[in-house]
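J.:
In this note's numbering, the protein residues as written are 96 to 266.
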């Protein structure tokens, strides 16, 4: 496992975060999702402005994994304002050539360490056909709780909904 440094993302990281998103999406979804859907998703969700907004929203946590002076992974999550005690994990992405080396798990642990004591549940969703991501989430303790059809950019996809109950050491 590489010796990575996990830290909060900064504005200086935006281009590298975008590169992680673009390479991860292309690697994961090419040949599975329509090309125009991938392009629209990258343009909207992985734009510099979208990342900057998420980074500077107070209820968000955005972390990056740095190895050998290069960003190799990122994670973002936020509080769910209408669901007391719940947070949502938006993204965990690792550069394709670093997948399987424990970096996602290190980002995950750093995220858990930063959560408020009041957090009791973590929710996320993933494209149902993304078996690698589903296996990662199950490996770190999430349980699949259902599916949801999502329409975005003129395309319908099926997402798997996952949830984890947070257990505190003093519980």
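All residues carry an ideal CB built from backbone N, CA and C; glycine is no exception.
(1) Enumerate in chain order the residues of its own chain whose CB-to-CB distance from residue 251 is below 8 Å, with the five nearest sequence positions on each side excluded.
(2) Can you round the beta-carbon distance between residue 182 and residue 214 to whole angstroms, since I take them to be within the 8 Å contact cut?
(3) So if DSSP puts residue 201 in a beta bridge, which residue, or which two residues, is it bridged to?
(4) For residue 108, which residues in the same chain have their Cβ closer than 7 Å to its Cβ, ignoring the five residues on either side in sequence?
(5) Is it true that the CB of residue 230 sits closer than 7 Å to the CB of residue 257?
(6) Over what stretch of residues does the alpha helix (DSSP H) that includes residue 190 continue unbroken?
(7) Per DSSP, what are the beta-bridge partners of residue 243 in this structure?
(8) Bridge partners for residue 186 per DSSP, in chain order?
(9) Name the two residues that bound the continuous beta strand (DSSP E) containing residue 158.
(10) In the DSSP assignment, what residue or residues form a beta bridge with residue 260?
(11) Check each candidate in 261, 202 and 190 and name the one with the smallest Cα separation from residue 115.
(12) From residue 169 to residue 202, what distance separates their C-alpha atoms?
T.: In short:
(1) Against the chain shown, residue 251 aligns to sequence position 156. Taken in chain order, the residues that qualify are 244 and 245.
(2) In the chain shown, the residue the question calls residue 182 occupies position 87. In the chain shown, the residue the question calls residue 214 occupies position 119. For residue 182 against residue 214, the beta-carbon gap comes to about 5 Å, under 8 Å, which counts as contact.
(3) Here residue 201 corresponds to residue number 106 of the chain shown, with the count starting at 1. Paired residues: none, contrary to the question.
(4) The residue given as residue 108 occupies position 13 in the chain shown. These residues qualify, in order along the chain: 159 and 166.
(5) Against the chain shown, residue 257 aligns to sequence position 162. Against the chain shown, residue 230 aligns to sequence position 135. Cβ atoms of residue 257 and residue 230: not closer than 7 Å.
(6) Along the chain shown, one-based indexing puts residue 190 at 95. Segment: none, residue 190 is in no alpha helix (DSSP H) and carries neither H nor E.
(7) Counting from one through the chain shown, the residue named residue 243 turns up at place 148. For residue 243, which the question treats as bridged, DSSP gives the partners 254.
(8) To locate residue 186, count along the chain shown from 1; it is residue 91. In the DSSP output, where bridge partners are listed per residue, residue 186 has 171.
(9) Your numbering for residue 158 matches position 63 in the chain shown. Segment 155 to 162, the beta strand (DSSP E) holding residue 158.
(10) On the chain shown, residue 260 is found 165 positions in, with the first residue counted as 1. Residue 260 pairs with 216.
(11) Residue 115 sits at position 20 when you count from the first residue of the chain shown. Closest option to residue 115, Cα to Cα, is 190.
(12) Your numbering for residue 169 matches position 74 in the chain shown. Your numbering for residue 202 matches position 107 in the chain shown. Using only the alpha carbons, I get a separation of about 7 Å.
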